[in-house]
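To keep things clear, I will list the structure first and then write my remarks on it.
There are 2 protein chains.
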Amino acid sequence: MTVAKTRQERTRDAILDAAAALFLRNGFLGASMDEIAAVADVSKQTVYAHFHSKEALFLDVVRGLTGVAGDVHQEQVTEPLDDRPIADYLQEFAELQLTIVMTPKLMQLRRLVIGEVERFPELGKALHALGPQRSINRLSRAFAHYRKLGQLEADDLEAAASFFNWLVMGGPVNDAMLLGDAAIMPAEACRGQAAESVRIFLAAFGPRAKHQA
Amino acid sequence: MTVAKTRQERTRDAILDAAAALFLRNGFLGASMDEIAAVADVSKQTVYAHFHSKEALFLDVVRGLTGVAGDVHQEQVTEPLDDRPIADYLQEFAELQLTIVMTPKLMQLRRLVIGEVERFPELGKALHALGPQRSINRLSRAFAHYRKLGQLEADDLEAAASFFNWLVMGGPVNDAMLLGDAAIMPAEACRGQAAESVRIFLAAFGPRAKHQA
DNA sequence: CAAATCAAACTGGACGGTCCAGTCTAGTTT
DNA sequence: AAACTAGACTGGACCGTCCAGTTTGATTTG
Chain A
2 MTVAKTRQER TRDAILDAAA ALFLRNGFLG ASMDEIAAVA DVSKQTVYAH
52 FHSKEALFLD VVRGLTGVAG DVHQEQVTEP LDDRPIADYL QEFAELQLTI
102 VMTPKLMQLR RLVIGEVERF PELGKALHAL GPQRSINRLS RAFAHYRKLG
152 QLEADDLEAA ASFFNWLVMG GPVNDAMLLG DAAIMPAEAC RGQAAESVRI
202 FLAAFGPRAK HQA
Chain B
2 MTVAKTRQER TRDAILDAAA ALFLRNGFLG ASMDEIAAVA DVSKQTVYAH
52 FHSKEALFLD VVRGLTGVAG DVHQEQVTEP LDDRPIADYL QEFAELQLTI
102 VMTPKLMQLR RLVIGEVERF PELGKALHAL GPQRSINRLS RAFAHYRKLG
152 QLEADDLEAA ASFFNWLVMG GPVNDAMLLG DAAIMPAEAC RGQAAESVRI
202 FLAAFGPRAK HQA
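Protein sequence lines correspond, in order, to chains A and B. Just add 1 to the spot in the first sequence (first one is 1) and you have my numbering. Just add 1 to the spot in the second sequence (first one is 1) and you have my numbering.
Below, the structure written as structure tokens:
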């Protein structure tokens, strides 16, 4: 917990913050190094002392944001395995997921990365791995637990996890992608969205789910 | 069905095709008018004779692609209302939706529009209205029919339609967004994805769905 | 303790080279 | 005559570099 930062670190952070704001708003090509320097209140020379090119700065910014997002998720989500019923666990998981992911900053990051997938494919892969894939993996592990307890019936756990994840996130995320931050689901609506997703999922995979031919 | 086109129309189409290819690959800022003219095999002056600015050309291109996509969808999807069971209808709907939507061109259009939502919000709204929203509306109407027949139990038809839509499309679309065209779900996998989505949905909304507290 | 010193970090602005949107002109095709 | 071509040109933005000078903060020295 070193709160003390050297001048170099403070300057670097100022540059990264300014760059993040401008890249998120204007995209890679739409943001200029001059403006980044101006917003960071730093000379352009200093920017290039810390990052040897616009591309390097962009990659650092996006990887930083992606990593932070992944970590917040990692920390917040409670460990799945205890003795409470699967419905409780899924409800909490879905609500947390919605409140953590459906924020302007994360939606802007997602739009930025998607828009630049052609130019920077590895950023897309990274955001996928630390975002949806991580949630699905975590769910899969929880599902293995609940299957042993007889509270869940599924052959392909990862497929089931993916279906649950997109049942919860599909609508909200895709609306936010196309309609902008104003369409981000309000916090009050998360509980209902989560509850209905859980109901649907457990009707198909819950212990008394009727399997049809 | 006028197959004959004037020279003007042919030139205009060549420009639109070239612009579509370059905008889809490089984005709005990444595509240059010089290159568009070159690919269209047309002088730059001619480009400006047809479209008074880069922005106007971009809007025409994206609106054209969005409209075509919406129309293809409109034509292909069979009208919902006849006497066959809901499971059949949903299966066909889901398979069609997957095969029509999960194409490189449409995924590139989606990436382009998402990346430019800040600059051109109305394009995002248009793609939303003619894409997901149109599917959901169509499903809602079918659901009203099936609810009358007692084959479906749901209070909020539009919400149910949205859940079904994202059950089918959520995973594939979001993978394609972040992982690129190589991650587009192969046609063979569509049938299985559709079938499992239908099973899950009907477990929750089908006639013998058990409603839990 | 206070003054002098010193290296690293930063400033501010100029500048070269490139690219690009959009215009203009003079000539060619259909 | 209308549509198009070829290419030069303008004005401006932008990346990345350069440089002479200043600030910062820690260390050394009187």
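Cβ coordinates follow ideal geometry from the N, Cα and C atoms, glycine included. Note that the structure is a prediction, hence the values are computed from the model and not measured.
Strictly under 7 Å for the Cβ-Cβ distance: is residue i near chain A by that measure?
i: Ala214(B); result: In this prediction, Ala214(B) scores a pLDDT of 36, lower than 50, which makes its location untrustworthy; no coordinate-derived value is stated.
i: Val118(B); result: yes
i: Leu128(B); result: yes
i: Pro122(B); result: yes
i: Gly125(B); result: yes
Distance cutoff 7 Å, beta carbons only. Does residue i sit that close to anything in chain B?
i: Leu58(A); result: no
i: Ile201(A); result: yes
i: Ser44(A); result: no
i: Val205(A); result: Here the sequence assigns Ala to residue 205(A), which means Val is not the residue at that position. By this cut-off, Ala205(A) is an interface position.
Express the C-alpha separation of residue j and residue i in angstroms, rounding to a whole number.
i: Ala196(A); j: Phe202(A); result: 10 Å
i: Lys211(A); j: Asp156(A); result: Here the model assigns Lys211(A) a pLDDT of 49, short of 50, so the residue's position is not dependable, and the following value carries that caveat. Looking at the two C-alpha atoms, the distance is approximately 14 Å.
i: Tyr49(A); j: Arg192(B); result: 52 Å
i: Ile87(B); j: Gln152(B); result: 7 Å
i: Ala205(A); j: Thr47(B); result: 59 Å
i: Glu159(A); j: Phe165(A); result: 10 Å
i: Ile185(B); j: Leu97(B); result: 15 Å
i: Val43(A); j: Leu25(A); result: 20 Å
i: Leu60(A); j: Gly125(A); result: 12 Å
i: Phe52(A); j: Ser33(B); result: 28 Å
i: Trp167(B); j: Asn27(B); result: 28 Å
i: Val73(B); j: Ile115(A); result: 25 Å
i: Arg85(A); j: Leu140(A); result: 15 Å
i: Pro122(B); j: Ala183(A); result: 11 Å
i: Arg135(B); j: Arg111(B); result: 15 Å
i: Thr7(B); j: Asp14(B); result: 11 Å
i: Ala188(B); j: Ile137(A); result: 23 Å
i: Gly207(B); j: Glu154(B); result: 6 Å
i: Tyr147(A); j: Pro133(A); result: 21 Å
i: Ser54(B); j: Arg142(B); result: 41 Å
i: Glu36(B); j: Asp176(A); result: 33 Å
i: Thr104(A); j: Ala190(A); result: 14 Å
i: Val63(A); j: Leu58(B); result: 30 Å
i: Gln194(B); j: Gly65(A); result: 34 Å
i: Glu10(B); j: Glu56(A); result: 41 Å
i: Lys149(B); j: Ala161(A); result: 31 Å
i: Phe144(B); j: Glu93(A); result: 30 Å
Output yes or no for whether 7 Å exceeds the beta carbon distance between residue i and residue j.
i: Ala19(A); j: Ala41(A); result: yes
i: Val174(A); j: Ala95(A); result: no
i: Ile101(B); j: Gln75(B); result: no
i: Ser163(A); j: Gly172(B); result: yes
i: Leu23(A); j: Ala70(A); result: no
i: Leu91(A); j: Val199(A); result: yes
i: Leu131(A); j: Thr67(A); result: yes
i: Glu117(A); j: Phe29(A); result: yes
i: Leu179(B); j: Leu128(A); result: yes
Handout entry: the stretch 169–183 of chain B: positions lying closer than 8 Å to chain A by Cβ
Key = The residues in question are Met170, Gly171, Gly172, Val174, Asn175, Asp176, Met178, Leu179, Leu180, Gly181.
Problem - Selection of the stretch 17–32 of chain A by Cβ proximity to chain B, strictly under 8 Å - result: Arg26, Asn27, Gly28, Leu30, Gly31
Problem - Positions along the stretch 102–117 of chain B whose CB lies within less than 9 Å of some CB in chain A - result: Gln109, Arg111, Arg112, Leu113, Val114, Ile115, Gly116, Glu117
Practice task
Could you run through the stretch 151–164 of chain B and flag, in chain order, every residue whose CB is less than 8 Å away from some CB of chain A?
Solution key: Ala160, Ser163, Phe164
Practice task
Identify each residue in the stretch 130–151 of chain B for which the Cβ-Cβ distance to at least one residue of chain A is less than 7 Å, and report them in chain order.
Solution key: The stretch 130–151 of chain B vs chain A, Cβ under 7 Å: Pro133.
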